[in-house]
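**Student:** Residue numbers (the working numbering): 18 to 435. This is the structure I have questions about; it appears just below.
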Ligand code: C5P
């Protein structure tokens, strides 16, 4: 499940052209979803089917989800040099599923059908999603071909994943990456080259759980969605991303390294151990301000407690404030401020107090923004520009804008170089 719920058109996919090559493997049925998702994200998708792909899925299925006729024949009448026009028009070529035979042919530079001929002429980045039986994937020849294919400039691989293979084959490495991982890999190839490319980004997300006893905790309503979308947006922009997350209701984005924590003190340890080496730290976690002083080792029993229970709470460390002293001078720190009133004024105070470069203010207590929603209404407050109030938008779209502001700040501080 995507961290941010349903997909909508937007950068980095919107208005771009993707050639989706589909080879003949059982995973070809999932290529229909890749084509559909890329189309929903706003890309024009030209599907190129190999001869054997047509034995697995009908061209009509792709036409139904992309609104464009799939292409199959290198020698189609009235379409001279089709391979050249497809290669010229592509902002990215994605091959999913990429079979062992396709990988062998493409690695040796063959141009024996429309798909390999497009690749021979393409200069756009290429995303390859291998899919095959685990024995075929493990074969040294396949490994060699894949390594050779990836040596080509602009080629990247997504997957394969480990999981269920075709019926009767059990599971193993060889299963095609999920459509969402493939559309994100295409997004990263499309976005390429901005100020975040190759940078190390750390994002905190989710709420923390502070134990009261062996089964109960003090927590909050954070779903972890905003943080997950920030990690995803940074990854799409080419960063190496670590997501330090408390328990969250959404899946972590594909591509990020995930560190799971529960309490504020665990989060502090995970963050402080890494923050000295990062170029950007984004503190989107809703860290509990207080924790029970001495959590009980067993389960508190009603019979022993009686009618009222008083918890003795102590202050948790302020992770973001502690980070400021440890970060490289050219790095960028971003905080969040969830406020019920005086949004920008309070956020500006926190910006200075915690040493942030940017702070993202968002309202608490609204139905469509803040906790447990897919959407947010944020204002980006910086040190040297007037606050930028963004309208209600999906959390992913907000994350994309926030990362744009991070890139501006990185460039401003001279931290955008290689
Ligand atoms: O003061 P307030 O909790 O509103 O500050 C919010 C910002 O500080 C967020 O970026 C949050 O992740 C961070 N924070 C933290 N450690 C805490 C409390 C908040 O890092 N104990």
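Each residue gets a CB set at the ideal place from its N, CA and C atoms; glycine is no exception. Note that the structure is predicted; figures quoted are calculated from it, not measured.
1. Measure the Cβ-Cβ separation of residue 38 and residue 62 and say whether it is below 7 Å.
2. For residue 406, tell me which candidate among 391, 369, 364 and 388 has the shortest Cα-Cα distance.
3. With 16 as the cutoff for other CB atoms within 10 Å, does residue 177 come out buried or exposed?
4. Taking just the CA atoms, how far does residue 31 sit from residue 19?
5. What whole-angstrom Cβ distance do residue 218 and residue 257 have, given they're in contact under 8 Å?
6. Given residue 92, which residues of its chain have a CB within under 7 Å of its CB, disregarding the five upstream and five downstream residues?
7. When we look at the beta-carbon of residue 306 and count the other beta-carbons within 10 Å, is it buried (16 or more) or exposed?
8. Quick check: is any heavy atom of the ligand COA less than 6 Å from the C-beta of residue 294?
9. By DSSP, does residue 179 sit in helix, in strand, or in coil?
10. Which residues does DSSP pair with residue 397 in a beta bridge?
11. What are the start and end residues of the beta strand (DSSP E) that includes residue 421?
12. Keeping to the same chain, check which residues put their C-beta closer than 7 Å to that of residue 139; ignore five residues upstream and five downstream.
13. In angstroms with no decimal places, state the Cα-to-Cα distance between residue 201 and residue 377.
14. Is the beta carbon of residue 261 sitting closer than 7 Å to the one on residue 287?
15. Between the segment 412-420 and the segment 239-253, do at least 3 Cβ pairs fall closer than 8 Å?
16. What did DSSP end up calling residue 167 once you bin it into helix, strand or coil?
17. Helix, strand or coil: how does DSSP classify residue 388 here?
18. What's the gap between the Cα of residue 355 and the Cα of residue 372?
19. Could you give the first and the last residue of the continuous alpha helix (DSSP H) run that contains residue 40?
20. Tell me which same chain residues have a C-beta within less than 6 Å of the C-beta of residue 433, skipping the five on either side of it?
21. Can you tell me whether residue 331 is buried or exposed, with buried defined as 16 or more other CB within 10 angstroms of its CB?
22. By how many angstroms is the C-alpha of residue 131 removed from the C-alpha of residue 101?
23. How big is the Cα-Cα spacing for residue 209 and residue 195?
24. Measuring alpha carbon to alpha carbon, tell me which of 125, 36, 351 and 412 ends up nearest residue 398.
25. Count the other C-beta atoms from every protein chain shown that fall within 10 angstroms of the C-beta of residue 97, then say buried if there are 16 or more, exposed otherwise.
26. If you follow the alpha helix (DSSP H) that residue 82 is in, where does it begin and where does it stop?
27. Let me know the alpha helix (DSSP H) ranges lying completely inside the segment 286-325, each 4 residues or longer, listed in chain order.
28. Quick one, which of 207, 145, 396 and 341 has its alpha-carbon nearest residue 370's?
**Tutor:** Inspection of the coordinates gives the following:
1. Not in contact: residue 38 and residue 62 (Cβ atoms no closer than 7 Å).
2. Nearest option by C-alpha distance: 364.
3. Residue 177 comes out buried.
4. With a pLDDT of only 49 at residue 19, under the threshold of 50, the placement of this residue in the model should not be trusted; the figure read from the coordinates follows. Straight-line Cα distance between these residues: approximately 18 Å.
5. Sure, about 7 Å apart at Cβ, within 8 Å.
6. Excluding sequence neighbours, residue 92 sits near nothing in its chain.
7. Exposed.
8. Here the bound small molecules are the ligand C5P; the ligand COA is not part of this structure.
9. In this structure, residue 179 counts as strand in the three-state DSSP scheme.
10. Beta-bridge partners of residue 397 (DSSP): 377 and 405.
11. From DSSP, residue 421 is part of no beta strand (DSSP E) but of the alpha helix (DSSP H) over 412-429.
12. Close CB contacts of residue 139 within its chain, under the 7 Å cut and outside five residues either way in sequence, are with 104, 107 and 110 (chain order).
13. Spanning the two alpha carbons is a distance of roughly 25 Å.
14. Result yes, Cβ atoms of residue 261 and residue 287 sit closer than 7 Å.
15. Yes, the segment 412-420 touches the segment 239-253.
16. Residue state, collapsed to three classes: helix.
17. Residue 388 falls in the coil class under three-state DSSP.
18. Distance between the alpha carbons of residue 355 and residue 372: 17 Å.
19. Neither: residue 40 is in no alpha helix (DSSP H) and is coded neither H nor E.
20. Cβ within range, chain order: 212 and 427.
21. Exposed, because fewer than 16 other Cβ atoms sit within 10 Å of the Cβ of residue 331.
22. Distance between the alpha carbons of residue 101 and residue 131 is about 10 Å.
23. Cα-Cα distance, rounded: 21 Å.
24. When only C-alpha atoms are compared, the closest one is 351.
25. Answer is exposed; the Cβ neighbour count stays below 16.
26. From DSSP, the alpha helix (DSSP H) with residue 82 extends over 76-83.
27. The segment 286-325 contains these whole alpha helix (DSSP H) runs: 319-322.
28. Ranking 207, 145, 396 and 341 by Cα distance to residue 370 puts 341 first.
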